[in-house]
Every structure is written in structure tokens, then in C-alpha cells.
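Residue numbers (the working numbering): 161 to 505. Ideal Cβ positions, reconstructed from N, Cα and C, are used throughout, including at glycine.
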């Protein structure tokens, strides 16, 4: 069967990078379910880039909805591109109005989406998105109209593994444990205070001799700089100083990641790197806990105001920020130590 003869299936997730990583078990299940098909993934430029070379995906499509393809003209052009590709089926993990409308405008003859999507009537098959389930499990519901996941399928996060970073990015580390702190987040209330990250860095450096790195995107420079100012121990601040590929190389080279509830949680899981995830305004029960046995969640218990939203917010609606202020560095260090001492050097 030539490429042109193969049935074409489109999988869509144009939300944040962490959301893309959490669709990878769905892609793996779809590949096993439909091995004869050409499977295409569409995401934002960064989402498409991390899935380039994934064994379950034949090719990726980047939709730069906030950049070069923003607005109605970009939307119309992307719909024409998808229509010309001749997809017979689309599975949409993104619940936005734009994603549903794009697939409808592209004329994909069978569209599967969530019953809780913004425009559910634009999907031919509408599947439940149980709020009590993990996002990995919710995404796998999208394959239910095709008969469900293959028998014996075990969902696992997976990304093409890059060559781990070496001295070019990390410097000479020797036998030291490598710990990355990821203090940023799109949502301000998801950021554990800088002094907490700094105290954790001092403890891990002083007690375990760990080499500490600060990681993040360009938008995380300020948060990382604040942590560095509080640290008073040597750290390697790479926040905003690497492109996406080198960022992935650094994460895959770490012995431990300490992060807010954000994409490094799931990148660590995909690269089988131990992770400590700090939850404040959001809770693991919302479905975005680490999908990894080699992980720990640290959160403040006993607050009736949690969760205060689906994503967190720009500011604490109660005005006290107790969900983060009540997480002592000692608990994060304890969780980190348990993972580092349980992992091979």
C-alpha cells in the first residue's frame, strides 16, 4: 500500500506542551489499532516539534495559531490545508471552539471529540471526559468509538529521546547528581515561591552534593533569576538560554526534576526522569498528576479553596496564596531525597 493509498487519521492537540505529551498514549494505542493508517499529529509549533520522529506518528503538522497563522485568514488557510490532505478520521483531544470548528470546516468526514468540548455538536462521535480520571485515561476515551485500546495496552508517556546534554550545556558535572528546578508556569499562582526553590537548592547541594540547574523558557527568565538571587549556592541558570531541542536534551540528562504543575512534570515522565511536582491552586485529582511511578507530589492539605480553577490564575482569588505558602522546602527536599537515593547513580 503506497502512502497515498493509506487511510489518513489526524490527531489534534493544540493546547500547551504538557497536554501534547499526555496525548502520546492515545497515539500509541491508535498506531496499534490502525497499523495500516497514516497517522498525522497537529499541534502548535512546539507541540509538533516534540513529536517529530515519534514511532506512532508518520508526520506532524504545526498550527501556529498565535503567530503566523493567527486570525481568520490563518484559520481558513489551515482548514484548506487539512481538507487537501484527505483525512478520513480526526480525533480531537483539544476542547476549544477553534479546534472543533477547524475540523468541521476542513470537512473531515468522521470527527471524534469530547462531549464536554465547546462545540460538541460538531463531532460525529462524542465521548465522555470523566472528571475523576487522569488526563491520559480521558484521552484514551477518544479511541472508544473505534473499539477501545488494543487488548493488553498499557498507556505510557513517550517522546523520541534526544541525545542527553553533555558538557556543552551542563559543564563538567562528574559524579554529582544533576537536579533541575523548573520555577516557571504560564499561570502565576502555580509558581511555588522563589525562596522555596532556593532553599531546596541549598539543601540538595549541601546535603547531597547535587549540581543544581534552573530551566525554563524565555518567559521564565524572571522567575529563574529570582531563584538564583536567593540561592547563595552555585547554580547553572539555563532559563531562556536554550532552544526547545536543547531544553529537551537537558531534561533527559537530569537525575531529578523539581517543578510546578507544568509541562516539565510530563516531560520528565516521558523521559523516565524522577520528578517532584508541586501543586498549589490545582490538585492532582483534576487529572494532571505525574503519570509515572518514579514521582512524588507535594501539596498543602486541608485548604477548602483548592482547587480554585482548572488552570490556576493570575492571582489568588482569596488573597492569601496559602496553597503555595504552606508548602515548606523541607517537604520538597524530603521527596527529592527519596527519589535520588532510590535511583541508580
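Rounded C-alpha distance that separates residue i from residue j
i	j	result
residue 182	residue 273	16 Å
residue 287	residue 232	28 Å
residue 192	residue 310	7 Å
residue 497	residue 458	13 Å
residue 227	residue 257	18 Å
residue 481	residue 190	42 Å
residue 426	residue 320	14 Å
residue 188	residue 437	25 Å
residue 487	residue 453	22 Å
residue 162	residue 261	A caution first: residue 162 carries a pLDDT of 47, below 50, which makes its placement in the model unreliable, though a value can still be read off. When rounded, the distance between both Cα atoms is 31 Å.
residue 408	residue 399	12 Å
residue 269	residue 479	49 Å
residue 285	residue 213	29 Å
residue 494	residue 312	36 Å
residue 490	residue 299	35 Å
residue 283	residue 377	35 Å
residue 406	residue 328	10 Å
residue 384	residue 474	18 Å
residue 456	residue 239	42 Å
residue 435	residue 381	21 Å
residue 368	residue 201	42 Å
residue 254	residue 422	17 Å
residue 234	residue 259	13 Å
Residue i vs residue j beta-carbon contact at 9 Å
i	j	result
residue 370	residue 338	yes
residue 290	residue 446	no
residue 443	residue 471	no
residue 346	residue 418	no
residue 296	residue 185	yes
residue 252	residue 336	no
residue 343	residue 387	yes
residue 415	residue 500	yes
residue 360	residue 395	no
residue 171	residue 199	yes
residue 203	residue 220	yes
residue 242	residue 266	yes
residue 460	residue 440	yes
residue 351	residue 397	no
residue 430	residue 318	yes
Backbone secondary structure at residue i - three-state DSSP
i	result
residue 482	helix
residue 320	coil
residue 181	helix
residue 338	strand
residue 402	coil
residue 459	strand
residue 273	strand
residue 351	coil
residue 176	coil
residue 307	coil
residue 285	strand
residue 252	strand
residue 263	helix
residue 221	strand
residue 389	helix
residue 453	coil
residue 329	helix
residue 293	coil
residue 411	helix
residue 357	helix
residue 395	strand
residue 169	strand
residue 419	strand
residue 384	helix
residue 371	strand
residue 197	coil
Top-ranked residue by Cα proximity to residue i, from the options
i	options	result
residue 316	446, 216, 478	216
residue 372	472, 351, 330, 354	330
residue 225	327, 384, 176, 426	176
residue 276	265, 302, 198	302
residue 379	401, 419, 391, 450	401
residue 197	166, 189, 222	166
residue 433	280, 451, 187, 202	451
residue 237	424, 263, 384	263
residue 326	318, 365, 412	412
residue 485	283, 405, 367, 355	355
residue 294	488, 479, 463, 179	179
residue 476	349, 390, 381	349
residue 374	230, 474, 391, 250	391
residue 428	403, 389, 324, 473	324
residue 404	211, 307, 385	211
residue 308	259, 244, 194	194
residue 230	244, 254, 205, 218	205
residue 357	389, 281, 368	389
Residue i beta carbon near the ligand MN (any heavy atom closer than 8 Å)
i	result
residue 373	In terms of ligand content, the structure shown is empty, and the ligand MN therefore cannot be addressed.
Integer Cβ distance of residue i from residue j, believed to fall under 8 Å
i	j	result
residue 279	residue 169	Contact doesn't hold; Cβ gap of about 21 Å is too wide.
residue 365	residue 393	5 Å
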